[in-house]
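Listed in order, the protein sequences are those of chains Y and F. What the first sequence shows, in the UniProt record's numbering, is residues 1 to 366, in sequence order. What the second sequence shows, in the UniProt record's numbering, is residues 1 to 366, in sequence order. Notes follow the structure.
2 protein chains.
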Amino acid sequence: MCAAPAAELGITLSVLAEAPDASAALVIPSAPVGAHGDVDAVLAFAAECDVVTFDHEHVPADVLAALAEAGAVMHPTPQALVFAQDKLEMRERLTALGVPCPRWARALTVDEVTAFGDEVGWPVVAKTPRGGYDGKGVRVVASGEELHDWLDRASAEDSPLLLEEKVPFTREIAVLLARSPSGQAAAWPVVETVQTDGICTEVIAPAPDLDPDLAARATEAGLRIAGELGVTGVLAVEMFELPGGEFVVNELAMRPHNSGHWSMDGAVTGQFEQHLRAVLDLPLGSPRPRHPWTVMGNVLGGHHTELYPAYRHVMARDPEIKAHLYGKGVRPGRKIGHVNVSGDSLTDLRARARHAADYIEGAVTE
Amino acid sequence: MCAAPAAELGITLSVLAEAPDASAALVIPSAPVGAHGDVDAVLAFAAECDVVTFDHEHVPADVLAALAEAGAVMHPTPQALVFAQDKLEMRERLTALGVPCPRWARALTVDEVTAFGDEVGWPVVAKTPRGGYDGKGVRVVASGEELHDWLDRASAEDSPLLLEEKVPFTREIAVLLARSPSGQAAAWPVVETVQTDGICTEVIAPAPDLDPDLAARATEAGLRIAGELGVTGVLAVEMFELPGGEFVVNELAMRPHNSGHWSMDGAVTGQFEQHLRAVLDLPLGSPRPRHPWTVMGNVLGGHHTELYPAYRHVMARDPEIKAHLYGKGVRPGRKIGHVNVSGDSLTDLRARARHAADYIEGAVTE
Chain Y
1 MCAAPAAELG ITLSVLAEAP DASAALVIPS APVGAHGDVD AVLAFAAECD
51 VVTFDHEHVP ADVLAALAEA GAVMHPTPQA LVFAQDKLEM RERLTALGVP
101 CPRWARALTV DEVTAFGDEV GWPVVAKTPR GGYDGKGVRV VASGEELHDW
151 LDRASAEDSP LLLEEKVPFT REIAVLLARS PSGQAAAWPV VETVQTDGIC
201 TEVIAPAPDL DPDLAARATE AGLRIAGELG VTGVLAVEMF ELPGGEFVVN
251 ELAMRPHNSG HWSMDGAVTG QFEQHLRAVL DLPLGSPRPR HPWTVMGNVL
301 GGHHTELYPA YRHVMARDPE IKAHLYGKGV RPGRKIGHVN VSGDSLTDLR
351 ARARHAADYI EGAVTE
Chain F
1 MCAAPAAELG ITLSVLAEAP DASAALVIPS APVGAHGDVD AVLAFAAECD
51 VVTFDHEHVP ADVLAALAEA GAVMHPTPQA LVFAQDKLEM RERLTALGVP
101 CPRWARALTV DEVTAFGDEV GWPVVAKTPR GGYDGKGVRV VASGEELHDW
151 LDRASAEDSP LLLEEKVPFT REIAVLLARS PSGQAAAWPV VETVQTDGIC
201 TEVIAPAPDL DPDLAARATE AGLRIAGELG VTGVLAVEMF ELPGGEFVVN
251 ELAMRPHNSG HWSMDGAVTG QFEQHLRAVL DLPLGSPRPR HPWTVMGNVL
301 GGHHTELYPA YRHVMARDPE IKAHLYGKGV RPGRKIGHVN VSGDSLTDLR
351 ARARHAADYI EGAVTE
């Protein structure tokens, strides 16, 4: 999704593609094939780039170290990226900064889990510090025993789990911003993210009925995190809104993020354009929304393997729907696209976005 | 500029590029090199395409005939395209349809020019029916003798010139619309186009202070032309607004057109997305403007050959400017990019668009 703004901005984009038919390789002329964990492939790729950035957090530390050793310019830097790669590093750092977090602890044993749960209340949330996404690597457990398999592996690897209290949140919100190496930063309005079974299904921009003071404090926290951690590029700070006007940070992502897809059509500067501007240290664009409301609906893999007929129907039914399909193979539950729709009536927009996403998925047939 | 919406829509785009470093080849993975006048190259290219469309009007008739013979699906069709390729064919057909045109005539001799000028008033406008653009192929003459060189060639080729009365227009406007093979059509608001030395330098969407009745009649004429001529894809109808609420058609273009560049950022559906939808017979998107006003400023080649530093300055000065650079070599007067800016205050937007375009060109330095 960086391909479109790169073309508009006159930026030559290359992608290290996992396969010749990877989504990105379909739209980017320069797409050598290689694995993100293959040091030689990544080094050869980076040697041709002025700036290297990342579209996920899973590039291994040894690859990042080899890139740094070779003098590659990376944004975000490995020093910042670790806080999006490792949830224990993130919790430790944010706590030190005084950023509101759920109570948390490290655990290698059932006893440590039991002690934490007895202190903060059951159930508790257990997370593998690295590698999780879309609800993977997360469990909600009512006892230490339920975690014995994860704890066995954690002990064997001497790599503790992250435990967090299960906070009584009223909804999930996200602060999305970009920061450049020069230190310029720009934040989009705080959005509401709606999760279903651990997967984001809908984003509403801006978050409806959000207390302006909370919005300001959440945005300030996001900007402070970006500055203190030295983030460059887009940063998404996922948060829980709590009763009483408070919030805690849930997770960080240092890349264009699902919570910002609305901005592609709903803001003067979309997150993919802004990420390119930021990592290249170009002046940032305006994050101003173009419309009172924009609703994003994720399209998950469903019953259709051939999306085209449904897509055509949706285009005919609603000429204002902006559908973005990713060119990925359809697997049940996989994010394969999203739709955006903007306007004045939030109720209307939510219904239209949901219908379009459901229809493309095959969850509804009329 | 079709590359970005093609990626979003999941359409696989190929371009027959005039050179490996042509603008389009920089952003489209499938870009075989070949000349648009080379029958074999065009046929080989078209054999791999479901639908063939055109980004200019200069594909020769024999190439179009060979494509038709080979069964290539073309949109617009050669039968429609001829009215954008040949201004005499266009004048004859529009006049037969009763669409308002300037008075016009064919001419092969000085006497014919003299007779026409004496009838409609001097000076008159002379045009070569094919191959002109951006003021090329157009002369305003005060006597038949001034045209003797063109007339000598026209006579030798038995290919008459087009003569038109010089209408006392108050400004230039344009109707931009798209029409699909199924017959669905959608028109953007009528825009004002500002020309300097025969080259469009600014477009204001919608045209300020346009009489709503004139806007409706102009749009109706555009839709009627599209339907009667069987146009598929984007059609631009350039018009002169006359005193007294009338208009005449100046020229036709059957492709995304400079007068529609504002729509890339200013409308729910931009012209490049709409052209793709139309030629593929997908349902058309909404042409609704996203903002009260959008102003487009063309960037012409000027003093800078390296645009990047100026571009960076413009981005920093105005975070709402959307600059689109084409990746073309800089030659004085060549269209090398454009800027769009949208908002509520037309005076403000015009100043900002003009400044940004001028600064990138090098015409102003602060």
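Ideal Cβ positions, reconstructed from N, Cα and C, are used throughout, including at glycine.
Could you pull out every residue in the same chain whose Cβ sits closer than 6 Å to the Cβ of residue i, ignoring the five residues on either side in sequence?
{"i": "F/T128", "result": "G137"}
{"i": "residue 436 of chain F", "result": "Outside the shown range of chain F (1 to 366) lies residue 436 of chain F, about which nothing can therefore be said."}
{"i": "Y/V364", "result": "D358"}
{"i": "F/K87", "result": "K127, P129 and L162"}
{"i": "Y/M90", "result": "F83 and L252"}
Would residue i pass as an interface residue toward chain Y - the criterion being a Cβ-Cβ separation below 8 Å?
{"i": "F/M315", "result": "yes"}
{"i": "F/V268", "result": "yes"}
{"i": "F/R331", "result": "no"}
{"i": "F/I28", "result": "yes"}
{"i": "F/V324", "result": "Strictly speaking, residue 324 of chain F in this sequence is His, with Val absent from that position. By this cut-off, F/H324 is an interface position."}
{"i": "F/A70", "result": "no"}
{"i": "F/S286", "result": "yes"}
{"i": "F/G327", "result": "yes"}
{"i": "F/R352", "result": "no"}
{"i": "F/R312", "result": "yes"}
What is the DSSP secondary structure of residue i, counted as helix, strand or coil?
{"i": "F/G230", "result": "coil"}
{"i": "Y/T95", "result": "helix"}
{"i": "Y/Q195", "result": "strand"}
{"i": "F/V322", "result": "First, the amino acid is wrong: residue 322 of chain F is Lys here, not Val. Strand, per DSSP."}
{"i": "residue 396 of chain Y", "result": "As displayed, chain Y neither begins before 1 nor continues past 366, which places residue 396 of chain Y out of reach and without an answer."}
{"i": "F/E8", "result": "helix"}
{"i": "F/A253", "result": "strand"}
{"i": "F/A72", "result": "coil"}
{"i": "F/F116", "result": "helix"}
{"i": "F/I173", "result": "strand"}
{"i": "Y/V59", "result": "coil"}
{"i": "F/P309", "result": "helix"}
{"i": "F/R179", "result": "strand"}
{"i": "F/I336", "result": "strand"}
{"i": "Y/G329", "result": "coil"}
{"i": "F/M1", "result": "coil"}
{"i": "F/V263", "result": "Rather than Val, the amino acid found at residue 263 of chain F in this sequence is Ser. In this structure, F/S263 counts as helix in the three-state DSSP scheme."}
{"i": "Y/R106", "result": "strand"}
{"i": "F/W293", "result": "strand"}
{"i": "F/E361", "result": "helix"}
{"i": "Y/G222", "result": "helix"}
{"i": "Y/T269", "result": "coil"}
{"i": "F/S342", "result": "strand"}
{"i": "Y/E145", "result": "helix"}
{"i": "F/E157", "result": "helix"}
Determine, for residue i, whether the minimum Cβ-Cβ distance to residues of chain F falls below 8 Å.
{"i": "Y/H355", "result": "no"}
{"i": "Y/G37", "result": "no"}
{"i": "Y/E320", "result": "yes"}
{"i": "Y/L282", "result": "yes"}
{"i": "Y/A3", "result": "yes"}
{"i": "Y/A7", "result": "yes"}
{"i": "Y/R93", "result": "no"}
Closer than 7 Å by C-beta to residue i: which residues in its own chain qualify, once you throw out the five before and the five after it? Chain order, please.
{"i": "F/H313", "result": "Y359"}
{"i": "Y/V51", "result": "V73, H75, V279 and L280"}
{"i": "Y/W122", "result": "A142"}
{"i": "Y/T170", "result": "E241, L242 and P243"}
Could you tell me if the beta carbon of residue i falls within a distance shorter than 7 Å of some heavy atom in the ligand PLP?
{"i": "Y/V113", "result": "Annotation note on the ligand PLP: not contained in the displayed structure, which lists no ligands."}
Of all the CB atoms in chain C, is at least one closer than 8 Å to the CB of residue i?
{"i": "F/G121", "result": "Within the model displayed, chain C is absent; protein chains Y and F are what it includes."}
Using C-beta distances below 8 Å, list every residue in its chain close to residue i, excluding the 5 sequence neighbours before and after it, in chain order.
{"i": "F/G245", "result": "D211, D213 and L214"}
Closer than 9 Å, Cβ to any Cβ of chain F: which residues of the stretch 244-265 of chain Y, in chain order?
M264 and D265
Contact residues within the stretch 9-26 of chain F, judged by C-beta distance below 8 Å to chain Y:
L9, G10, T12, A25 and L26
Please list the residues of the stretch 291-304 of chain F that have a C-beta atom closer than 9 Å to any C-beta atom in chain Y, keeping them in chain order.
H291
Is the stretch 235-249 of chain Y in contact with the stretch 94-112 of chain Y, if contact means three or more CB pairs nearer than 8 Å?
yes
Hey, is the stretch 142-156 of chain F in contact with the stretch 109-125 of chain F, meaning 3+ C-beta pairs nearer than 8 Å?
yes
Check whether the stretch 214-225 of chain F and the stretch 57-72 of chain F are in contact - that is, three or more C-beta pairs closer than 8 Å.
no
For the stretch 34-50 of chain F against the stretch 341-353 of chain Y, are there 3 or more C-beta pairs whose distance is under 8 Å?
no
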